[in-house]
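Q: Here it is: the structure, laid out below.
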Amino acid sequence: MSYTIEGSTGPWEVVIGLEVHAQIVSHAKLFSGAATAFGAEPNSQVSFVDAGFPGMLPVINRECVAQAVRTGLGLNAKINLWSRFDRKNYFYADLPQGYQISQYAHPIVGEGAVEIELEGGVTKRIGITRLHLEQDAGKSLHDQHPQKSFIDLNRSGVALMEIVSEPDMRSPEEAGAYLSKLRQIMRYLGTCDGNMDEGSMRADVNVSVRKAGEGFRTRCEVKNVNSVKFVMQAVEAEARRQIEVWESGGTVEQETRLFDTQRGVTRSMRSKEDAHDYRYFPDPDLPPLVLEANWVEQLKATLPELPDVRRARYMALGLSAYDAHVLTIEKETAAFFETVAKGRDAKLAANWVTGDFFAALNRLKRDISDPPVTAENLGALLDLIADNTISGKIAKDVFEIMLETGQAPGTIVEERGLKQVTDTGAIEAAVAKVLEANADKVAEYRSGKDKLFGFFVGQVMKAMQGKGNPGLVNDVLKKALG
Amino acid sequence: MNPTDFTIAGALAALNEGALSSVELTGAYAKAIEQLNPRINAYITPTLDQAMEAAQASDARRARGEAGPLEGIPLGIKDLFCTAGTRTTAGSNILGSFVPPYESTVSGNLLRDGAVFLGKLNLDEFAMGSSNTTSAFGPVENPWSRANDPSKRLVPGGSSGGSAAAVAARMAAGATATDTGGSIRQPAAFCGIAGIKPTYGRCSRFGIVAFASSLDQAGPVARTVEDCAILLRSMAGYDPKDSTSANLPVPDFAAAVQRGVKGLRIGVPAEYTLPGMPAEISKLWEQGLAWLRDAGATTVPITLPHTKYALPTYYIVAPAEASSNLARYDGVRFGLREAAKDSDLKDLYQRTRAKGFGAEVRRRIMIGTYVLSAGYYDAYYLKAQKVRALIRRDFEEAWASCDAIVTPATPSAAFGMDERQDDPVKMYLNDVFTVTANLAGLPGLAVPAGLDAQGLPLGLQVIGKPFDEETVFAVGHAIERAAEFRALPQLRAAA
Numbered sequence: 206m207s208y209t210i211e212g213s214t215g216p217w218e219v220v221i222g223l224e225v226h227a228q229i230v231s232h233a234k235l236f237s238g239a240a241t242a243f244g245a246e247p248n249s250q251v252s253f254v255d256a257g258f259p260g261m262l263p264v265i266n267r268e269c270v271a272q273a274v275r276t277g278l279g280l281n282a283k284i285n286l287w288s289r290f291d292r293k294n295y296f297y298a299d300l301p302q303g304y305q306i307s308q309y310a311h312p313i314v315g316e317g318a319v320e321i322e323l324e325g326g327v328t329k330r331i332g333i334t335r336l337h338l339e340q341d342a343g344k345s346l347h348d349q350h351p352q353k354s355f356i357d358l359n360r361s362g363v364a365l366m367e368i369v370s371e372p373d374m375r376s377p378e379e380a381g382a383y384l385s386k387l388r389q390i391m392r393y394l395g396t397c398d399g400n401m402d403e404g405s406m407r408a409d410v411n412v413s414v415r416k417a418g419e420g421f422r423t424r425c426e427v428k429n430v431n432s433v434k435f436v437m438q439a440v441e442a443e444a445r446r447q448i449e450v451w452e453s454g455g456t457v458e459q460e461t462r463l464f465d466t467q468r469g470v471t472r473s474m475r476s477k478e479d480a481h482d483y484r485y486f487p488d489p490d491l492p493p494l495v496l497e498a499n500w501v502e503q504l505k506a507t508l509p510e511l512p513d514v515r516r517a518r519y520m521a522l523g524l525s526a527y528d529a530h531v532l533t534i535e536k537e538t539a540a541f542f543e544t545v546a547k548g549r550d551a552k553l554a555a556n557w558v559t560g561d562f563f564a565a566l567n568r569l570k571r572d573i574s575d576p577p578v579t580a581e582n583l584g585a586l587l588d589l590i591a592d593n594t595i596s597g598k599i600a601k602d603v604f605e606i607m608l609e610t611g612q613a614p615g616t617i618v619e620e621r622g623l624k625q626v627t628d629t630g631a632i633e634a635a636v637a638k639v640l641e642a643n644a645d646k647v648a649e650y651r652s653g654k655d656k657l658f659g660f661f662v663g664q665v666m667k668a669m670q671g672k673g674n675p676g677l678v679n680d681v682l683k684k685a686l687g
Numbered sequence: 106m107n108p109t110d111f112t113i114a115g116a117l118a119a120l121n122e123g124a125l126s127s128v129e130l131t132g133a134y135a136k137a138i139e140q141l142n143p144r145i146n147a148y149i150t151p152t153l154d155q156a157m158e159a160a161q162a163s164d165a166r167r168a169r170g171e172a173g174p175l176e177g178i179p180l181g182i183k184d185l186f187c188t189a190g191t192r193t194t195a196g197s198n199i200l201g202s203f204v205p206p207y208e209s210t211v212s213g214n215l216l217r218d219g220a221v222f223l224g225k226l227n228l229d230e231f232a233m234g235s236s237n238t239t240s241a242f243g244p245v246e247n248p249w250s251r252a253n254d255p256s257k258r259l260v261p262g263g264s265s266g267g268s269a270a271a272v273a274a275r276m277a278a279g280a281t282a283t284d285t286g287g288s289i290r291q292p293a294a295f296c297g298i299a300g301i302k303p304t305y306g307r308c309s310r311f312g313i314v315a316f317a318s319s320l321d322q323a324g325p326v327a328r329t330v331e332d333c334a335i336l337l338r339s340m341a342g343y344d345p346k347d348s349t350s351a352n353l354p355v356p357d358f359a360a361a362v363q364r365g366v367k368g369l370r371i372g373v374p375a376e377y378t379l380p381g382m383p384a385e386i387s388k389l390w391e392q393g394l395a396w397l398r399d400a401g402a403t404t405v406p407i408t409l410p411h412t413k414y415a416l417p418t419y420y421i422v423a424p425a426e427a428s429s430n431l432a433r434y435d436g437v438r439f440g441l442r443e444a445a446k447d448s449d450l451k452d453l454y455q456r457t458r459a460k461g462f463g464a465e466v467r468r469r470i471m472i473g474t475y476v477l478s479a480g481y482y483d484a485y486y487l488k489a490q491k492v493r494a495l496i497r498r499d500f501e502e503a504w505a506s507c508d509a510i511v512t513p514a515t516p517s518a519a520f521g522m523d524e525r526q527d528d529p530v531k532m533y534l535n536d537v538f539t540v541t542a543n544l545a546g547l548p549g550l551a552v553p554a555g556l557d558a559q560g561l562p563l564g565l566q567v568i569g570k571p572f573d574e575e576t577v578f579a580v581g582h583a584i585e586r587a588a589e590f591r592a593l594p595q596l597r598a599a600a
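Protein sequence lines correspond, in order, to chains A and B.
Residues 206 to 687 in the numbering used here are what the first sequence spells out, letter by letter.
Residues 106 to 600 in the numbering used here are what the second sequence spells out, letter by letter.
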């Protein structure tokens, strides 16, 4: 059942395309050596190049190019060995050169695709039109002084990738899933940290609506939406607005709009008539960017495992589709799981990570980057279960103690004497004692009341403070009961 | 003998022999500047106190045996090169009292080699002009004058008018200059000195205020071809801070000067004979070719069929790039700022740029904005790029039959300050012989070769293959030697 919005004239389809701006993880800016750390003092990470001083020239940062190529490879896209930088000319106080260096006509990455997962295990392919490199502008601060605007150029010149999708999405859910998927891929690649609240990733959302079977109608672009949730809300709000315009006999005009997150509506920023003429032309300060096929191959060979591949691998290890999905959403979670599972039973590891460990994270409001139990210790706990040092039940108690004390599981088991009893003599003694004390129940059991077996196990375990090896206890009991 | 009479090569020899100190040499130039600059206006910002200190330091280095290749030579720096701690204006009000905290690579290379800077030289505003009359700091006067009208003040050419006038009047031993369409070669020809625009990419553009990035190239002006070769060797070299800089070794250009022209094939392009060109210029051209033949070269007719499109192409490409390069002068971060009405940003831009830029710069920004605009881009900018490729190909094909090309440097001798100011297109025609080398990125040298009937210098131009400045210097020197150009301008340092 596809997504539609019900208007007064019937159902409407929504058509969505995204332009995602992703800040490249790099120590230096795209065309200057200035640093790029987030949250630094205003204007503390600015070179004369970034400030557009006379006679300053851009020099491309090789690492930023490598990051764009890695991202392109991660999006299964064509890498263009020849690309070019253009100038996008417009005046603004936080644009020091009076132009942005971007790739207009010849982007570094061409067509590609990503697969998104939707509810009910459905997947959908979303086409990527292109990815290009460009520099970020600075930031205007209008709230520092009643008459003046302040300019912070720390972001000026920071390397961005603009990833343009095909208009392949048909619902807020798909738009959200696509953005999440891009973020996930780039975080796996280490090419963008995906911190949307720090502005490392933001999306321009193109929305239009249509009746089933129609071609595309006029679209509007909602600028600078900075979270998955807001993208989904903006799509719906903008689609509803357009439906209202069409249904009241009006015409949707192509324009740029902003999403008001407070009121949940979009409002006009500038119309098509006010659109800038950017006067794009090839930047004469930069020769064309020519990549060697060998270099691209090297980057490809050293690419980390991507989420889709990793998920498939986990399922091949016997994990459920759900567990495999949950464990691969964040690269850090997958890495945690990999450490826990290394050389151990993957299914058992997955159960523990997605079960007790995730529950602990939620309960303690901790993050995977700051786990209350290390992956190594959780793995060691699994080892204690596997070699019968403790039972699965005792392991849960040990895990709780690990959370509280941060101690290694071996230490806890040792210090607290939680080691499972595997000495058959001790078990036989305990069994004998229980059977002796419950002679009536033994008689009942022997006359056919099989269910009582569980009762005897419980009694023996209780007598042994839970430390009896459950398998051995079963064996000994069965033998003793004949 | 006045120390300012030395060529750079001569002064270096005298300094090496201990017959001269940099303090003496620099002092003589300082005196000449004090005496002549009020009239000629070649320097916007003389830095004579610093120059004397630098000369002392240079003499001390020489005494310690640490002399660089240009040790103690006093030079003027075109005010388009950023100089750390010294005001850099680009001849414009919009840079106001801008003092760069950084040094251009080219001027830094000269300092590295021991040069002493006398100050910052006048130029057309943002290097846009052919007469040095668009400078916000007043026009420069050519030290030469007409025999029949000595009181008429002539232009030194442009945009490097201050550089050429200073060297001709002996207010500097040599000077840096830049050439986007002829801004080294035309003023050198007008002032009776030598000047070379090297191959695009030979000198770094880092720290040079940009006019048109794909055409701008720094080079020296000096009294002789050999002096130009000495200066260029110091100025040139790969610079990782300029992505268009060529990663090639810098040859010993001075050694190539004496190479001779025996066996060289000199191309003579048919298209450089213009209707209405003064007979004196055609005659000088003929004469130059005859000298080269006498020295053992052969001359061959060649054709550069797209030459007639060069000037219109240039006046699309250069303003297009300039309109974008000059967008950074917005009053926000440095230079002039005119207060805006009602704190309106657009108003700040409009007031600042209207007040800061002169008429010629505004004209070119408007032309450039127009040719890049939606709907006009294909017809103008894109077409110009295609024609530029054809012009480049003309030369590539010509190199099959010749080793260097010789043409007139300019279509006329220096003109009066009050002449040709009414029609910008007439002014643009000054560059007709020189723009092709910029569009094709080729080295071009202007060398003084004779005088016209009024006693004004005329120059010839030598164009070479990419990165073959050595042949250009050899051909230029052969012309220079045969021409025995000894005339001196009326205004010059007094003994």
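No residue lacks a Cβ here, since even glycine has one placed at the ideal position from N, Cα and C.
Can you list, in chain order, the residues of the segment 345-362 of chain B whose Cβ is nearer than 8 Å to any Cβ on chain A?
A: Taking 8 Å as the Cβ-Cβ cut-off against chain A, the residues of the segment 345-362 of chain B that qualify are Pro345, Lys346, Asp347, Ser348 and Thr349.
Q: Take the Cβ of Glu218 of chain A as the centre, count every other Cβ of all protein chains shown within 10 Å, and call the residue buried at 16 or more, exposed below.
A: Locating residue 218 of chain A in the first sequence gives position 13, where the first residue counts as 1. Answer is buried; the Cβ neighbour count reaches 16.
Q: Sorted by chain position, which residues of the same chain lie with C-beta nearer than 8 Å to Leu180 of chain B's C-beta, five sequence neighbours on each side aside?
A: For the purposes of this step, residue 180 of chain B is taken as residue 75 along the second sequence, with counting starting at 1. Hits under 8 Å: Leu215, Ala220, Val221, Phe222, Leu223, Ala277, Ala278, Gly279, Ala280, Thr281 and Leu336.
Q: Starting from Phe541 of chain A, follow its DSSP beta bridges and name the residues at the other end.
A: Here the question's residue 541 of chain A lines up with position 336 in the first sequence. DSSP lists no partner for Phe541 of chain A.
Q: Contact between the segment 529-547 of chain A and the segment 365-383 of chain A is defined here as three or more beta-carbon pairs at a separation below 8 Å; is this criterion met?
A: Result no; under three Cβ-Cβ pairs closer than 8 Å.
Q: Taking Trp217 of chain A as part of the beta strand (DSSP E), name the residues at either end of that continuous run.
A: As a first step, residue 217 of chain A is located in the first sequence; it is residue number 12 there, counting from the start. Counting along the chain, the beta strand (DSSP E) containing Trp217 of chain A begins and ends at Gly215 to Gln228.
Q: From which residue to which residue does the beta strand (DSSP E) around Asn429 of chain A run?
A: Locating residue 429 of chain A in the first sequence gives position 224, counting from the first residue. Looking at the DSSP string, the run of the beta strand (DSSP E) that includes Asn429 of chain A is Cys425 to Val430.
Q: Which chain B residues are close to Ala298 of chain A, counting only those with a beta carbon under 7 Å from its beta carbon?
A: Numbered from 1 along the first sequence, position 93 holds the residue referred to as residue 298 of chain A. Under the 7 Å cutoff, chain B gives Val437 and Leu450.
Q: Hey, would you say Ala294 of chain B sits closer than 8 Å to Gly342 of chain B, going by beta carbons?
A: As a position in the second sequence, residue 294 of chain B is number 189, starting the count at 1. As a position in the second sequence, residue 342 of chain B is number 237, starting the count at 1. Not a contact, by the Cβ cut-off of 8 Å.
Q: 8 Å is my cut-off, CB to CB: does Ile306 of chain A come that close to chain B?
A: The count along the first sequence starts at 1 and reaches residue 306 of chain A at position 101. Not an interface residue.
Q: Give a yes or no on whether 8 Å exceeds the smallest Cβ distance from Cys187 of chain B to chain A.
A: Counting from 1 along the second sequence, the entry for residue 187 of chain B is found at position 82. Chain A contact via Cβ: present.
Q: How would you write the range of the beta strand (DSSP E) that His411 of chain B sits in, first residue to last?
A: Numbered from its first residue, the second sequence carries residue 411 of chain B at position 306. Unbroken run through His411 of chain B: none, as it is neither H nor E.
Q: With H, G and I counted as helix, E and B as strand and the rest as coil, what does DSSP make of Gln340 of chain A?
A: Position 135 of the first sequence, counted from the start, is the residue given in the question as residue 340 of chain A. Three-state DSSP puts Gln340 of chain A in a strand.
Q: Note down, in chain order, all residues in the segment 263-275 of chain A with a beta-carbon under 9 Å from any beta-carbon belonging to chain B.
A: Taking 9 Å as the Cβ-Cβ cut-off against chain B, the residues of the segment 263-275 of chain A that qualify are Pro263, Val264 and Ile265.
Q: Does Pro492 of chain A have its Cβ less than 8 Å from a Cβ in chain B?
A: Here residue 492 of chain A refers to the residue found at position 287 of the first sequence. Judged by the 8 Å Cβ criterion, Pro492 of chain A is in contact with chain B.
Q: From Asn691 of chain A to Asp402 of chain A, what distance separates their C-alpha atoms?
A: Summary: the structure shown does not reach residue 691 of chain A, with chain A confined to residues 206 through 687, and so no result is reported for it.
Q: Since Lys451 of chain B is in the alpha helix (DSSP H), which residue starts that stretch and which ends it?
A: On the second sequence, position 346 is the one that residue 451 of chain B refers to. Here the alpha helix (DSSP H) through Lys451 of chain B covers Leu450 to Gly461.
Q: Determine, using beta carbons only, whether Val466 of chain B comes closer than 8 Å to chain A.
A: Your numbering for residue 466 of chain B matches position 361 in the second sequence. It does not; no Cβ of chain A falls within 8 Å.
Q: From the DSSP output, read off the bridge partner residues of Lys302 of chain B.
A: Your numbering for residue 302 of chain B matches position 197 in the second sequence. Bridge partners of Lys302 of chain B: B:Gly549.
Q: Hey, how far is the Cα of Ala506 of chain A from the Cα of Arg275 of chain A?
A: Translated into positions along the first sequence, residue 506 of chain A becomes position 301. Translated into positions along the first sequence, residue 275 of chain A becomes position 70. If I take the Cα positions, the gap works out to 10 Å.
Q: Would you say Ser236 of chain B touches the ligand ADP, meaning its beta carbon is less than 7 Å from a heavy atom?
A: What this structure holds is no ligand at all, so the ligand ADP is not there to describe.
Q: Looking at the secondary structure, which residues open and close the alpha helix (DSSP H) in which Gly132 of chain B lies?
A: Stepping through the second sequence from its first residue, residue 132 of chain B is reached at position 27. It spans Ser127 to Ile145 - the alpha helix (DSSP H) in which Gly132 of chain B sits, taken as one unbroken run.
Q: What span of residues does the alpha helix (DSSP H) with Arg370 of chain B cover, start to end?
A: Counting from one through the second sequence, the residue named residue 370 of chain B turns up at place 265. Counting along the chain, Arg370 of chain B falls outside any alpha helix (DSSP H), though it belongs to the beta strand (DSSP E) covering Arg370 to Pro374.
Q: So the candidates are A:Ala555, A:Asn593, A:Lys646 and A:Val647; which of them puts its Cα closest to the Cα of Lys624 of chain A?
A: The residue labelled residue 624 of chain A in the question sits at position 419 within the first sequence. Minimum Cα distance to Lys624 of chain A is reached at A:Asn593.
Q: Flag Asp528 of chain A as yes if its beta-carbon sits less than 8 Å from any beta-carbon of chain B, otherwise no.
A: For the purposes of this step, residue 528 of chain A is taken as residue 323 along the first sequence, with counting starting at 1. Judged by the 8 Å Cβ criterion, Asp528 of chain A is not in contact with chain B.
Q: Using CA atoms only, rank isn't needed, just tell me which of A:Asp398, A:Gly404 and A:Ser413 is closest to Gly222 of chain A.
A: In the first sequence, residue 222 of chain A corresponds to position 17, counting from 1. Of the listed residues, the one whose Cα sits closest to Gly222 of chain A is A:Ser413.
Q: Using DSSP bridges, identify the partner residues of Thr191 of chain B.
A: As a first step, residue 191 of chain B is located in the second sequence; it is residue number 86 there, counting from the start. DSSP output for Thr191 of chain B lists B:Thr188 as bridge partner(s).
Q: For the beta strand (DSSP E) that Gly224 of chain B lies in, which residues bound it at each end?
A: Indexing the second sequence from 1 puts residue 224 of chain B at position 119. Looking at the DSSP string, the run of the beta strand (DSSP E) that includes Gly224 of chain B is Val221 to Leu226.
Q: Which term fits Glu619 of chain A, buried or exposed, when burial requires 16 or more other beta carbons within 10 angstroms of its beta carbon?
A: The residue you call residue 619 of chain A lines up with position 414 of the first sequence. Glu619 of chain A comes out exposed.
Q: How about Glu443 of chain B: is its C-beta nearer than 8 Å to some C-beta of chain A?
A: In the second sequence, residue 443 of chain B corresponds to position 338, counting from 1. Output row for Glu443 of chain B: interface = no.
Q: Specify whether the segment 639-652 of chain A and the segment 595-613 of chain A touch according to this definition: at least 3 beta carbon pairs, one from each stretch, less than 8 Å apart.
A: Touching, no.
Q: Once you ignore the five residues that flank Ile472 of chain B on each side, which residues in its own chain have a CB closer than 6 Å to its CB?
A: Position 367 of the second sequence, counted from the first residue, corresponds to residue 472 of chain B. So the list reads Pro424, once near-sequence residues are dropped.
Q: Taking the Cβ atom as the reference point for each residue, do Asn285 of chain A and Ile313 of chain A lie within a distance shorter than 8 Å?
A: Along the first sequence, read from residue 1 onward, the residue named residue 285 of chain A stands at position 80. Along the first sequence, read from residue 1 onward, the residue named residue 313 of chain A stands at position 108. For Asn285 of chain A and Ile313 of chain A, yes; Cβs fall inside 8 Å.
Q: Mind checking the segment 474-485 of chain A against chain B and listing, in chain order, the residues whose C-beta falls within less than 7 Å of any C-beta there?
A: Cβ contacts with chain B come from Asp482 and Arg484.
Q: Mind checking which residues open and close the alpha helix (DSSP H) that includes Tyr383 of chain A?
A: The residue given as residue 383 of chain A occupies position 178 in the first sequence. It spans Pro377 to Leu394 - the alpha helix (DSSP H) in which Tyr383 of chain A sits, taken as one unbroken run.
Q: Does any C-beta atom of chain A lie closer than 8 Å to the C-beta of Thr131 of chain B?
A: Taking the second sequence and counting its residues from 1, the one referred to as residue 131 of chain B is at position 26. Chain A, which has no Cβ nearer than 8 Å to the Cβ of Thr131 of chain B, makes this no.
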